[in-house]
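A short worksheet on the structure shown next.
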Amino acid sequence: MISLENDKIHLIHSTGNSTTVSTLGATITSFKDSHGNQLLFLSNNCQPNKAIRGGIPIAFPIFGKPPSDGPYKQLPQHGYARISNWSYDGPIMDSDDGVSIKLSLNSPPQLPPATLTYTVTLSAHQLTSTLHVHNPSSTQSLPFQALLHTYHLANPHNVGVIGLNGATYLDKTASSNKVIESRDIVHANNLTDSVYLSTNDHLQLSNGVKIRKHNFPDTVVWNPSESAKNMSDMHKNGWNQFVCVEPGHVNDFYSLEPNCQWIGMQVITIPQ
Ligand code: BG6
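To convert, count from 1 in the sequence shown and add 777; that's my numbering.
So, in structure tokens, the structure goes:
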């Protein structure tokens, strides 16, 4: 079942699991299993005219701070997609196989043209989000980075990320030194801002939640820890309630050829 409530679209699957998508940033703000257990963190202190703090905001066409030069140098951190109002284009399917909707966004004027489409599909035990990037130009290639900034609701002291052992990462908390991960379970219970390069497409949280990604070679693991007290949109001790695992294409800029399309996907599977 699909229902609309102001800027929110609610999806309920016949198994009873549910998700909510806001047209602000096409941000998924809730994903509950059939027992009503929430799987995504959402701050109680989200602020108007700012990106939603929690759920799954989309970083596009840049990840992190803007480059010092080039067409994206005036963009805010993580780009325009998460702070833009997307169009709700309607349902794609609503059956026992899955409940699926589509949203879209065109790039603001003055920037390299891009047409974004985002599909969110809820099925038994799974939430799938797929970002389609189309380059409408017939002459210019489209450079971009993209990332699904996923806030998993979990205590970072107890729940870590499995599947990163052996991957090289840039530690943004330590002047981007390259480090090879040697932990089987990565806990983001201290200040953590690690950009893992070319990671396995199958990752898992130690609470059993599975993460599958496609066309997102990199994975960012982030938690601001105590420094979150300086974030106006984070509720008190909110950092203690999430583990951010963010599939993305962020190590470099992807170059999308004229008239071509790129698709990146994340599938989150609930333990059964
Ligand atoms: C992560 C970045 O993806 O997002 C961090 O690696 C950043 O460097 C974090 O601090 C949160 O960003 P923002 O803009 O939502 O506060």
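Beta carbons: idealized from backbone N, C-alpha and C, even for Gly.
Since this is a predicted model, take the numbers as computed values, not measurements.
Residue interval of the beta strand (DSSP E) (run including residue i)
{"i": "Ser971", "result": "Thr969 to Tyr973"}
{"i": "Arg859", "result": "First-last for Arg859: undefined, no H or E at that position."}
{"i": "Cys1021", "result": "Phe1019 to Leu1033"}
{"i": "Asn954", "result": "Asn954 to Ile957"}
{"i": "Tyr895", "result": "Thr892 to Ser900"}
{"i": "Trp999", "result": "Asp995 to Asn1000"}
{"i": "Leu888", "result": "Per DSSP, Leu888 belongs to no beta strand (DSSP E) and is neither H nor E."}
{"i": "Gln1049", "result": "Note, Gln1049: premise wrong, no beta strand (DSSP E); not H, not E."}
{"i": "Gly937", "result": "From DSSP, Gly937 is part of no beta strand (DSSP E); its letter is neither H nor E."}
{"i": "Asn883", "result": "Gly875 to Asn883"}
{"i": "Thr976", "result": "Thr976 -> no beta strand (DSSP E), and no H or E assigned at all."}
{"i": "Asp1010", "result": "It is not in any beta strand (DSSP E) - Asp1010 carries neither H nor E in the DSSP assignment."}
{"i": "Lys990", "result": "Lys987 to His991"}
{"i": "Lys785", "result": "Lys785 to Ile789"}
{"i": "Glu782", "result": "Ile779 to Glu782"}
Close Cβ partners of residue i (< 8 Å) along its chain, the five nearest in sequence each way excluded
{"i": "Met1008", "result": "Arg830 and Pro1001"}
Cβ neighbours of residue i in the same chain (closer than 6 Å, five flanking residues each side left out)
{"i": "Pro890", "result": "Ser884, Pro913 and Ser914"}
{"i": "Leu819", "result": "Thr806, Gly831 and Gly832"}
{"i": "Leu919", "result": "Pro889, Ala891, Asn912 and Leu1033"}
CB contact check: residue i to chain B, cutoff 8 Å
{"i": "Gly802", "result": "As a matter of chain content, chain B is missing from the structure shown, which is built from one protein chain."}
Alpha-carbon spacing of residue i relative to residue j, whole angstroms
{"i": "Ser872", "j": "Leu968", "result": "42 Å"}
{"i": "Leu899", "j": "His812", "result": "15 Å"}
{"i": "Phe840", "j": "Asn992", "result": "16 Å"}
{"i": "Thr892", "j": "Ser881", "result": "7 Å"}
{"i": "Glu1003", "j": "Asn1014", "result": "8 Å"}
{"i": "His934", "j": "Gln1018", "result": "9 Å"}
{"i": "Val1044", "j": "Thr905", "result": "4 Å"}
{"i": "Gly793", "j": "Gly875", "result": "12 Å"}
{"i": "Val1027", "j": "Phe837", "result": "10 Å"}
{"i": "Pro806", "j": "Asn984", "result": "The sequence shown places Thr at residue 806, not Pro. Each residue's Cα considered, the two are about 20 Å apart."}
{"i": "Tyr928", "j": "Leu817", "result": "6 Å"}
Chain-order list of residues whose beta-carbon lies under 7 Å from that of residue i (same chain, five-residue window excluded)
{"i": "Asp970", "result": "Lys949, Thr950 and Trp999"}
Any non-hydrogen atom of ligand 2 within 7 Å of residue i CB
{"i": "Glu1023", "result": "Although ligand 2 was asked about, the structure shown includes only ligand 1 as ligands."}
Would you mind listing the alpha helix (DSSP H) stretches within the stretch 793-860 that are 4+ residues and don't spill past its ends, in chain order? none
Is the stretch 948-955 touching the stretch 975-985 in the sense that three or more CB pairs, one from each, lie closer than 8 Å? no
Contact the stretch 797-816 vs the stretch 781-788: 3+ CB pairs below 8 Å: yes
For the structure I just gave you, are there three or more beta carbon pairs, one from the stretch 933-946 and one from the stretch 853-866, closer than 8 Å? no
At least three beta-carbon pairs within less than 8 Å, the stretch 897-911 to the stretch 821-829: no
Decide yes or no for the touch test of the stretch 860-878 against the stretch 1020-1040: beta carbon pairs closer than 8 Å, at least 3 of them. no
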